[in-house]
Amino acid sequence: MNSEREVLEKVLNIAMVDDDIKAVCMNGSRVNKNIEPDNYQDFDIAFLVGNYEIFIQKLSFIHEFGESIISQCNRVYSRNGIKDQLFYMLLFKNYIRIDFRFIPIEYFDDYKKEDQLLEVLVDKTEKFKDVSKPSDETYHIKKPTEKDLRECCNEFWWISTYVIKGIKREEIFYAIEHLNIMREMLFNLLDWKVGYQYDWKVSTGKNHKLLKRYITEEEWILLTKSYPNGKINDITCVLNKLIEQFYDLSQEISNLLDFNLDFKEANNIKEYINKQLKNE
Numbered sequence: 001m002n003s004e005r006e007v008l009e010k011v012l013n014i015a016m017v018d019d020d021i022k023a024v025c026m027n028g029s030r031v032n033k034n035i036e037p038d039n040y041q042d043f044d045i046a047f048l049v050g051n052y053e054i055f056i057q058k059l060s061f062i063h064e065f066g067e068s069i070i071s072q073c074n075r076v077y078s079r080n081g082i083k084d085q086l087f088y089m090l091l092f093k094n095y096i097r098i099d100f101r102f103i104p105i106e107y108f109d110d111y112k113k114e115d116q117l118l119e120v121l122v123d124k125t126e127k128f129k130d131v132s133k134p135s136d137e138t139y140h141i142k143k144p145t146e147k148d149l150r151e152c153c154n155e156f157w158w159i160s161t162y163v164i165k166g167i168k169r170e171e172i173f174y175a176i177e178h179l180n181i182m183r184e185m186l187f188n189l190l191d192w193k194v195g196y197q198y199d200w201k202v203s204t205g206k207n208h209k210l211l212k213r214y215i216t217e218e219e220w221i222l223l224t225k226s227y228p229n230g231k232i233n234d235i236t237c238v239l240n241k242l243i244e245q246f247y248d249l250s251q252e253i254s255n256l257l258d259f260n261l262d263f264k265e266a267n268n269i270k271e272y273i274n275k276q277l278k279n280e
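Residue numbers (our numbering): 1 to 280.
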């Protein structure tokens, strides 16, 4: 069982002989036409079942997929939406990973609404007959408001003062942890620029994994250089580069979206950081 076809055939065979399995769906990157397939894609398989409490006690059919080398099982409760579900994630000896999800059939509507990246494999009750083709529209970059941009910039500049504190105290882990937060704000700006350029109809993916295909080579190189090597001098250098890239990009985003962004705060912090680094 090494191919997608073999895995899905096994899933279908299991579903068809168990009356408690009412529907089976697949989510995630394997149903996203914008993701290049590779050997590391998970199978995200959701079983919507009747007799839920009894069903989740008899999951022996999972062994039909082979021997696992590691697994994780979590039952998750919520006050809203799907109130009870079981996640069972396994990596098998053949290096195929399957993330099983077991949901009581009464929550089928909540499940349908949570993600448009959904492909119906089995539908015994026809509760999924209105589901359209899988789409990543849910994950498209959302156009920010002026408030979103202001808050993003404020967070970036505020957190930069923590990095300075870490640098001056030579607290490497503290400084790097806050550099990471600053970088997340930079990711926001890069995403918004991409969204603007593509009419808010694209996604850069989980953890911004598709960002490289949309930004310039110069932006990409600057971004990759924002990860320090653990030395104070390098952390300081990275901080300065992050500040320069973020400052320029925030101006660009403000202009592109016709926002009236005030740079007084940014200029004040840039001056503060320069003086701190010069021991003034």
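No residue lacks a Cβ here, since even glycine has one placed at the ideal position from N, Cα and C.
The continuous alpha helix (DSSP H) containing Ser250 extends over residues 232-256. Under the 10 Å beta carbon count, Arg79 is surrounded by fewer than 16 other beta carbons and is classified as exposed.
An exposed status is given to Asp38, since fewer than 16 other beta-carbon atoms sit within 10 Å of its beta-carbon. In this chain, Ile105 is not harboured by any beta strand (DSSP E), its DSSP state being neither H nor E. Excluding its 5 nearest sequence neighbours in each direction, Asn188 has C-beta neighbours in its own chain below 6 angstroms: Cys152, listed in chain order.
With fewer than 16 neighbouring CB atoms inside 10 Å of its own CB, Val76 falls in the exposed class.
Burial of Leu186 is indicated by the presence of at least 16 other C-beta atoms within 10 angstroms of its C-beta. Annotation for Asp44: the continuous beta strand (DSSP E) segment containing it runs 43-49. With fewer than 16 other Cβ atoms inside 10 Å of its own Cβ, Asp130 counts as exposed.
Burial state of Ile273 is buried, judged by a 10 Å Cβ sphere holding 16 or more other Cβ atoms. The three-state secondary structure of Val202, taken from DSSP, is coil. When the Cα atoms are used, Phe263 and Phe246 turn out to be separated by approximately 12 angstroms. With 16 or more other Cβ atoms inside 10 Å of its own Cβ, Lys22 counts as buried. Checking the DSSP bridge columns, you'll see Arg150 has no partner listed. Taking C-alpha positions only, Asn51 is separated from Phe43 by approximately 24 angstroms.
Comparing alpha carbon positions, the residue from Glu53, Arg169, Met26 closest to Phe128 is Met26.
For Glu244, the closest alpha carbon among the candidates Lys231, Leu222, Pro228, Phe55 is that of Leu222. Excluding sequence positions up to five before and after Gln116, its CB lies within less than 8 angstroms of the CB of Ser132, Pro134, Ser135, Asp136, Glu137, Thr138, all in the same chain and listed in chain order.
Pairwise C-beta distances place the region 153-169 out of contact with the region 206-216, as fewer than three of them are shorter than 8 angstroms. Between the beta-carbon of Val24 and that of Leu121 there is about 4 angstroms, and that keeps the pair under the 8 angstroms contact cut. About 4 angstroms separates the Cβ atoms of Gly81 and Asp110, confirming a contact at the 8 angstroms cut-off.
Distance from the CA of Val31 to the CA of Lys275, rounded to the nearest whole angstrom, comes to 52 angstroms.
Taking the Cα positions, Gly195 is about 10 angstroms away from Pro144. Between His140 and the set Lys112, Trp200, Asn268, the nearest pair of CA atoms involves Trp200.
Around the beta-carbon of Asp191, 16 or more other beta-carbon atoms lie within 10 Å, marking it buried. Ile69: member of the beta strand (DSSP E) spanning 68-77, first to last residue. Pairing Tyr214 with Glu252, the inter-Cα distance amounts to about 16 angstroms. With 16 or more other CB atoms across the displayed protein chains lying within 10 angstroms of its CB, Tyr88 is buried. Relative to the Cα of Trp220, the nearest Cα in the group Leu118, Asn255, Asn229, Arg183 belongs to Arg183. Taken through DSSP and simplified to helix, strand or coil, Glu119 comes out as strand.
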